[in-house]
Amino acid sequence: MDKRSALQNIDATLQRIGFQYTGSGFADYSGSISVHGQPIDISLSIPDVSFVQKPRVFLKDRSQIPLETLAHVESGDGICYASGAGLPIDLYRPGEAILRILDEVKRTLELSYRGRAKLEVVDEYQQYWYPKLGVQVLLPKQQSAGATDGFVYFASKNGQVEFLCLDKTPTLRGYDVSFPEPARLRCVNEKLGPGGGVRAPKTLEDLRRWVDGQPALGVNWQIIFNELCQGLTVFFAGPNAFVGVKMEVPKEIATAILRKSIRKQSLTKLLANRMDKVSVERYAGNWSSLDHVSSRNIPERDNFKNVSIALIGGGTIGGYLSRLLVQSGAGTDGRLSIFDNQLLSEGNIGRHVLGFEYIGKPKALALKTELERFHPQVSVRAFNENALDCWSQISNCDLIIDATGEWNVQSALNDRFLAGRDFRAAALLHTWIFMNGAGVQSFLNLRDGLACFRCLKTSFDGRWRYPAGDERHVLNLQPASCGDGSYVPFSADAAVMAASLANRASLDWVSAKPGARLRTIAVDLERGRYHKPVSPTALKGCPACLGNSSSL
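Mapping of the sequence shown onto the numbering used here: residues 608 to 1159, in sequence order.
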């Protein structure tokens, strides 16, 4: 539907229910809706008839809503009638879409009348704190109530302040730190909310009332007051909000302290009788530690936080895979190791996660740099060496991932893994791209009597038992030219799919649900061949596992 027809449809619909066009926008209206039988006057602004930008609804007279607190009517964008999941709207029926929006507004206001307003304020309390600044919290998120000491500071790059940070120490890799000040965080298991009739304290007196109205804090006001007078920024974190305050010492008192005409130790007594005159700054924190950003989507028990991983191959598959591993919890305390002895070439970057700036640099070291840039708490060990020469380090990891896609390396790792029992590694995962990107596969070896990697081919020069493409097709091998080595061309999406397949198989193994050991994705729908996930049996007469990988 074109814009003009949509506007006509909206206008006719709204006029039919008593709304009038008011301007100044191209679709601004006013009218009333019935909330529990009572007319409530609202204004409606429709900025976009495709509804990518949602219509905004405002109360014209808040006195018509006799509530102490009314959730969702406090922001500059009006009533928040859509949930966090959004509100799907049919742009081909614009009139009906507007009626649906008005119904949602009515529902929101009715919920407030039913006493949900205060609960909704609590649920979304952080947005009602109205902070002066946001804080990136790199402290580990506590699972139980308690206090943690740290520092709040400004983190800068190239002389430009990037963010305010709360961390255990006033140091952050990759950033310059300035104005560090002591801080104390108190975590509670119950929700925070308005207290003592105060929603967002502006003065020490407001803060006193707020603290006294938060029994979950388990601490009295005098302790908080003493900490503020000592110069601490004090934070409180509950399941629903992370808020903080800092006392603004009156200028004349701060000057007197600097001149030593007033002792800092006497600040508590000095301010006790003028708390309504002393302002506080409010902060809002956001959990952003590496632990939190990875466990937010994948529970800690199912991610790589406590798993040591050896990633062999930092090429096109390994590059993308390394990023996925970190986002899934790897890279904490140097528990992710990358092994690759090649340099990144000009030809590589067409399908590699690394870009132009890393040309001529060792892939392993460049990936370490890039991953540690992703998050300042990532710690990766990089080895610019032949992986087989580093077997003692590799075999001491919980999981070995082979992302080389090279037969000789795959076979050698398979042999080493099968031959030993006196090392830590419990799983070996291979992932590769088949026949110029026709398909991708991953294979997990747990030495449990099922097939080993060598079992996947009927013989050394035989066919694959579960090929991801037609082996009769001629492999497109591009010859070396102009300083560029020979290579097998395929698009970057094949590498991303192989990396994703390996990451998924690894996560399944970590969560004790390894599932089918061989997994296949057909990338090219014409050349690729799909197989249902399968756990191949050991091949009788296999020279690597002798038909039983668990008996070696």
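C-beta: ideal position from N, C-alpha, C; glycine also.
Residue i, enclosing beta strand (DSSP E) - first and last residue
i: residue 743; result: 740-744
i: residue 774; result: 767-774
i: residue 1110; result: Run containing residue 1110: none in the beta strand (DSSP E); it sits in the alpha helix (DSSP H), 1099-1117.
Bridge partners - residue i, DSSP secondary structure assignment
i: residue 1009; result: 919 and 1037
i: residue 649; result: 638 and 666
i: residue 794; result: 753 and 844
i: residue 1129; result: 1046
i: residue 783; result: 763
i: residue 1052; result: 1035
i: residue 950; result: 969
i: residue 1161; result: Residue 1161 is absent from the model: the chain starts at 608 and stops at 1159.
i: residue 628; result: 636
i: residue 788; result: 759
i: residue 1071; result: 1064
i: residue 805; result: 802
i: residue 1144; result: 1057
i: residue 943; result: 916 and 987
Selected residue, minimal CA-CA separation from residue i, among the options
i: residue 994; options: 983, 1005, 979 and 1010; result: 1010
i: residue 887; options: 1115, 809 and 689; result: 809
i: residue 1047; options: 1124, 1135 and 897; result: 1135
i: residue 893; options: 963, 738, 868 and 914; result: 738
i: residue 997; options: 948, 1042 and 1034; result: 948
i: residue 1036; options: 1127, 1052, 1012 and 1025; result: 1052
i: residue 748; options: 774, 811, 1003 and 741; result: 774
i: residue 1055; options: 1045, 1028, 1077 and 935; result: 1028
i: residue 767; options: 759, 689 and 783; result: 783
i: residue 638; options: 621, 971, 608 and 849; result: 621
i: residue 717; options: 671, 986 and 965; result: 671
i: residue 1119; options: 1040, 1034, 1128 and 1065; result: 1034
i: residue 685; options: 704, 1122, 696 and 709; result: 709
i: residue 882; options: 829, 740 and 1030; result: 829
i: residue 725; options: 806, 669 and 745; result: 806
i: residue 1022; options: 1061, 1039 and 1012; result: 1061
i: residue 626; options: 648, 1095 and 644; result: 648
i: residue 770; options: 755, 745 and 750; result: 745
i: residue 916; options: 1102, 1116, 852 and 1014; result: 1116
i: residue 1073; options: 1129, 658 and 992; result: 1129
i: residue 941; options: 869, 954 and 985; result: 985
i: residue 1125; options: 1114, 1141 and 1133; result: 1141
i: residue 822; options: 898, 843, 835 and 833; result: 843
Nearest-angstrom Cβ-Cβ length linking residue i and residue j, presumed shorter than 8 Å
i: residue 878; j: residue 885; result: 6 Å
i: residue 1109; j: residue 1018; result: The Cβ separation is near 18 Å, so there is no contact.
i: residue 702; j: residue 616; result: 5 Å
i: residue 918; j: residue 901; result: About 16 Å separates the two Cβ atoms, so there is no contact after all.
i: residue 959; j: residue 926; result: 5 Å
i: residue 951; j: residue 977; result: Actually they do not touch by this definition, with Cβ atoms about 11 Å apart.
i: residue 921; j: residue 974; result: 5 Å
i: residue 1032; j: residue 1145; result: Their Cβ separation, rounded to whole angstroms, is 20 Å, which puts residue 1032 and residue 1145 out of contact at 8 Å.
i: residue 757; j: residue 788; result: With a Cβ gap of about 10 Å, residue 757 and residue 788 do not count as contacting.
i: residue 802; j: residue 816; result: 7 Å
i: residue 1106; j: residue 956; result: With 8 Å as the limit, residue 1106 and residue 956 do not qualify as a contact, their Cβ atoms being about 16 Å apart.
i: residue 980; j: residue 781; result: 7 Å
i: residue 811; j: residue 854; result: 7 Å
i: residue 1044; j: residue 1131; result: 6 Å
i: residue 990; j: residue 946; result: 5 Å
i: residue 667; j: residue 641; result: Not a contact, Cβ separation roughly 15 Å.
i: residue 794; j: residue 753; result: 6 Å
i: residue 1012; j: residue 1040; result: 6 Å
i: residue 1003; j: residue 1030; result: 6 Å
i: residue 733; j: residue 850; result: 7 Å
Limits of the alpha helix (DSSP H) - the one that residue i falls within
i: residue 620; result: 610-623
i: residue 835; result: 828-836
i: residue 888; result: Taken as a continuous stretch (DSSP letters only), residue 888 belongs to no alpha helix (DSSP H), being part of the beta strand (DSSP E) at 887-894.
i: residue 874; result: 874-879
i: residue 811; result: 811-819
i: residue 714; result: 701-718
i: residue 1016; result: 1014-1026
i: residue 902; result: 897-902
Cutoff 8 Å: residue i Cβ touching any chain D Cβ
i: residue 1050; result: Annotation note: the requested chain D is absent from the structure, which comprises a single protein chain.
Residue i Cβ short of 7 Å to the ligand COA heavy atom set
i: residue 1041; result: In the structure on display, the ligand COA does not appear, and there are no ligands present to speak of.
If you scan the region 965-1005 from start to end, which runs of the beta strand (DSSP E) of 3 or more residues do you find wholly inside it?
-> 987-990
Write down every uninterrupted run of the beta strand (DSSP E) in the region 844-869 whose length is 3 residues or greater and which is fully enclosed by it, in chain order.
-> 849-854
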